[in-house]
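To start, the structure under review is shown below, and the notes come after it.
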Amino acid sequence: MLRRLIQWFKRLFRSLFGGKPTSSNMGDHAPDKPAPPLTDTDLEFLFNQLLEGVHQARGKDWAQKWLDNIEHRVSTQRWVEWLRRFGERLLASPTPNNELAARFVQLGNLGLGQVGDVAYEIGMQVLTRNQGEPIWEYDGPDAVNTTLPSPNNDPVEEKVSQAENSPTEGATQTVTLDQLLIMLQQDQNLRQQIAQQLSIDTDDPQLIVQELINQYHAPSQSNTEQT
1 MLRRLIQWFK RLFRSLFGGK PTSSNMGDHA PDKPAPPLTD TDLEFLFNQL
51 LEGVHQARGK DWAQKWLDNI EHRVSTQRWV EWLRRFGERL LASPTPNNEL
101 AARFVQLGNL GLGQVGDVAY EIGMQVLTRN QGEPIWEYDG PDAVNTTLPS
151 PNNDPVEEKV SQAENSPTEG ATQTVTLDQL LIMLQQDQNL RQQIAQQLSI
201 DTDDPQLIVQ ELINQYHAPS QSNTEQT
């Protein structure tokens, strides 16, 4: 009886003085507010965090865990849709964005499924949109003059003069960067020659192609920084 009377007095005082229920009184009755939807700006910020982690050589396991931890907020389909829109902006921009594109390619090389595949595709499109500009020239016995493919991956010319393989001296073979990668995977001598020309210590074809792209774009990045 006394307890009921005390509760009645409490309710009375609340009604008189406008007291509001405290969080302890509300207990679990307060519904959880859903998290606000992520905007494209939010996704760009998050994706840059992922790219930075990969750039710091944290590896595939770290990147996959990062994507898994955020999947409840950003699904794979959502990432792909945003990447497509973001890629269109990059390709339409007059700024080279070579460093960002190289990080996209680096992410794609980890093998992270659809997100990595789309990132790789966009990165290569940005890096190779200047059709016909050489990224590497080798003046050894097996002279190769490699040029970048166009954004739609249409092949451009690569002159391969190989006396033992080509019946016509100075013959022209049309390849893409993907085909160049296959050539490197199949020819250990070619890998060694290119790695020596690039002054890198690796036998990994993908790393060699990546270094070709990096060294090709390095002068343009330097000029951009100076201006």
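When we follow full-length UniProt numbering, the leftmost residue of the sequence shown carries the number 1, and every step to the right adds one. No residue lacks a Cβ here, since even glycine has one placed at the ideal position from N, Cα and C. As the structure is a prediction and not an experimental result, all values here were calculated from the model.
Cβ-Cβ separation between E211 and L190: approximately 14 Å, too far for a contact (criterion under 8 Å).
Considering only V118, S93, D61, the residue with the shortest C-alpha distance to W79 is V118.
Assigned with DSSP and collapsed to three states, K33 falls in coil, not helix or strand. Contact check for N109 and Q206: beta-carbon distance about 6 Å, within the 8 Å limit, so the pair qualifies. In this structure, the CA atom of W62 is about 24 Å from the CA atom of N98.
Cβ atoms of H55 and R103 come within 8 Å of each other, at about 6 Å. When only Cα atoms are considered, F45 and M124 end up about 21 Å apart. For T95, the secondary structure class from DSSP, reduced to helix, strand or coil, is coil. Where R191 is concerned, the enclosing alpha helix (DSSP H) starts and stops at 188-198. Each residue's CA atom was taken as its position, placing N214 and P36 some 39 Å apart. Scanning its chain for C-beta atoms nearer than 8 Å, with the 5 sequence neighbours on each side dropped, one finds around D201 the residues A195, in chain order. Following the DSSP letters along the chain, one finds L51 inside the alpha helix (DSSP H) bounded by residues 40-55.
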